[in-house]
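Residue numbers (the UniProt record's numbering): 1 to 413.
Each residue gets a CB set at the ideal place from its N, CA and C atoms; glycine is no exception.
To start, the structure itself, in C-alpha cells.
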Ligand code: UD1
Ligand code: MG
C-alpha cells in the first residue's frame with residue numbers, strides 16, 4: 001500500500017465509531033423533544049401513524065461536523081512537528097469540504113422548516129459548491145480528461161495528432177458543480193419508503209470507501225486525495241448506519257431533507273476531492289435513472305402531485321403504485337408523447353376512465369420506486385425497500401466491473 005497514514009486512518013475510524021454511538025444516544029434523547037416542538041411528520045404508508053420526529057438527519061449531520069472538527073488537526077500534525085513546509089493546499093481543501101457540506105446541512109434544515117421552492121433548491125446548492133470549487137481551482141488541481149485510444153485513432157485522421165489528455169478547464173468546473181446539485185436533489189427525490197434515503201446513501205458511501213481503498217493499493221500517486229475522501233466518508237457512514245437503525249421499517253424517525261442534502265453534498269465532495277468525480281456517477285445509476293424517469297413530472301409535462309410515494313393499502317398491508325390523474329385533454333403534445341412512448345415500452349401503467357362525463361387519464365407517478373412496483377406488483381414496505389437497496393448494491397457491483405474491467409480495456413488505467 002502506498003503512503004497511507006495508517007495511524008491517522010485508525011484515528012478517523014475511532015472517532016467515527018464514537019460518532020455512531022453518540023448519534024444513537026442523541027437520536028433517542030431528542031426524539032421526544034422533536035415531537036414536543038411539533039417537528040414531526042406522519043408516515044403516509046401506515047394505517048394509523050402517530051407523529052414521527054423529522055428531520056432527524058440534523059442530529060447525524062451535527063455529530064459528523066463535531067467528528068470532523070476534532071479530527072481536523074490530526075492529518076496535519078506530522079507537518080507541525082517536522083521541518084517540511086506545511087501543505088496549505090491540502091489543509092484548505094479539507095476545510096473547504098467542511099464549509100460546503102455544512103452549508104448544505106443548513107440548506108436542508110431550512111427546506112425542512114420552510115419547504116423551499118424548486119428554484120431555491122437548485123440555486124443554493126449551486127452556491128454551496130463555491131468553496132470546494134474555488135479551492136480546487138486555486139490549488140491547481142487537474143481539469144483534464146483522458147481520451148480513449150480508440151477515440152484518438154478515429155478522430156486523428158481528421159484533426160491530426162490528438163493528445164492523450166484533453167484539458168476541458170471551465171467545463172470541468174461546470175460538471176463538478178452539476179454533480180453536487182444533482183446528488184443533493186437526486187437522493188431527496190428517490191425517497192418515500194422507510195429506510196430508502198439513508199439506505200441508498202450507505203450503499204453508495206460504502207462502495208466509494210471500498211473504491212478509495214482499492215485505489216490506494218493500486219496507485220502510487222494521489223494517496224492524499226483518496227485518504228481525504230476516506231476521512232470525509234468514514235464518519236458519514238457510521239452516523240448514517242446509526243440513523244438507519246431508527247429509520248428502517250417500521251420507521252421511528254424520519255431523516256428529512258436535511259439528511260438528503262447533507263448526504264448528497266458529502267458524497268459529491270468526497271468524489272471531487274478524491275479526484276474521481278466521473279467514476280462517482282457509476283455508483284449513482286439508480287439515482288440517475290430515477291431523475292431521468294422523473295423529468296416529465298419535474299418539468300410539468302405530466303402533472304406532479306406533492307407526494308409521489310407509493311400508495312398504501314390498509315387491507316393487504318402492502319404498497320402499490322401511486323398515480324397522477326388528469327383530464328385527458330389537458331396534456332400538451334410533449335406530455336402526450338412521453339406517456340405514449342413510455343406506456344408502449346411497458347415502462348408506465350396508463351388507464352383511461354370517465355369522471356363527470358369527461359375523459360380522464362391515470363398514470364403511475366414516475367419514480368423508480370413505482371417502476372419497481374409495476375414489475376413486481378404490490379409488496380410489503382420492508383420488502384420494497386430491501387429490493388431497492390439490493391438494486392443499488394447490484395449497480396455498485398456493475399460500477400466496479402465497469403471501472404476496473406471495461407474502463408481498463410478502453411483506457412490505460
Ligand atoms: C420528495 C418527493 C416526493 C416524495 C417525498 C417523500 C419528488 C419531486 N418529491 O419530496 O414525491 O413523496 O420526497 O419523502 O419526487 N414519508 C413517509 N415515509 C417515508 C419517508 C417520508 O411517509 O419513509 C413522508 C412523511 O410524511 C414525511 C414526508 O414524506 O413527513 C417527507 O417529505 P419531504 O421530504 O418533505 O418531501 P420532498 O423532499 O419535498
Ligand atoms: Mg425530502
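CB-CB length for residue 372 against residue 384, believed under 8 Å: With a contact defined as Cβ atoms closer than 8 Å, residue 372 and residue 384 qualify at about 7 Å.
Would the C-beta of residue 257 count as close to the ligand MG, meaning under 7 Å from any of its heavy atoms? Yes, the Cβ of residue 257 comes within 7 Å of a heavy atom of the ligand MG.
Just reading off the beta strand (DSSP E) that residue 304 is part of, what are its end residues? Following the DSSP letters along the chain, one finds residue 304 in no beta strand (DSSP E), marked with neither H nor E.
Where are the beta strand (DSSP E) runs, 3 residues long or more, that stay fully inside the region 340-378, in chain order? 350-355 and 358-364
Which residues bound the beta strand (DSSP E) around residue 319? 318-320
Can you tell me the Cβ-Cβ gap for residue 61 and residue 53, rounded? I've got them flagged as a contact below 8 Å. Between residue 53 and residue 61 the Cβ distance is about 15 Å, and since that is not below 8 Å, they are no contact.
May I ask you to check if the CB of residue 290 is nearer than 7 Å to at least one heavy atom of the ligand MG? no
Can you tell me where the alpha helix (DSSP H) with residue 45 in it begins and where it stops? Here residue 45 belongs to no alpha helix (DSSP H), and DSSP marks it neither H nor E.
By Cβ distance below 6 Å, which residues in the same chain neighbour residue 252 in space, the five residues on each side in sequence not counted? 246
Is it true that the CB of residue 181 sits closer than 8 Å to the CB of residue 125? The Cβ atoms of residue 125 and residue 181 sit closer than 8 Å to each other.
Can you look up residue 17 in the DSSP assignment and give me helix, strand or coil? helix
Could you check if residue 118 is buried or exposed, using at least 16 other CB atoms within 10 Å of its CB as the buried criterion? The residue is exposed, with fewer than 16 neighbouring Cβ atoms inside 10 Å.
Hey, would you say the C-beta of residue 206 is under 7 Å away from at least one heavy atom of the ligand MG? No.
Could you spell out where the alpha helix (DSSP H) holding residue 80 opens and where it closes? 77-80
Considering only heavy atoms of the ligand MG, does any lie closer than 7 Å to the CB of residue 386? no
C-alpha gap between residue 43 and residue 390, whole angstroms: 23 Å
Cα-Cα separation between residue 79 and residue 6, rounded to whole angstroms: 16 Å
CA-to-CA distance, residue 203 to residue 108, given in whole angstroms: 21 Å
Excluding the 5 residues flanking residue 200 on each side, which residues of the same chain have their C-beta closer than 6 Å to its C-beta? 392
Return the CA-CA distance between residue 326 and residue 360, expressed in angstroms with no decimal places. Distance between the alpha carbons of residue 326 and residue 360: 6 Å.
In three-state DSSP terms, what is residue 193? coil
Below 7 Å, is the gap between the Cβ of residue 45 and the nearest heavy atom of the ligand MG? no
Is it buried or exposed for residue 300, if we count other Cβ within 10 angstroms and need 16 for buried? Classification of residue 300: exposed, given that the 10 Å Cβ count is below 16.
Buried versus exposed call for residue 3 [16 or more other C-beta atoms within 10 Å across all chains shown]: No answer about residue 3 holds up, because its pLDDT of 47 lies below 50 and its placement is not dependable.
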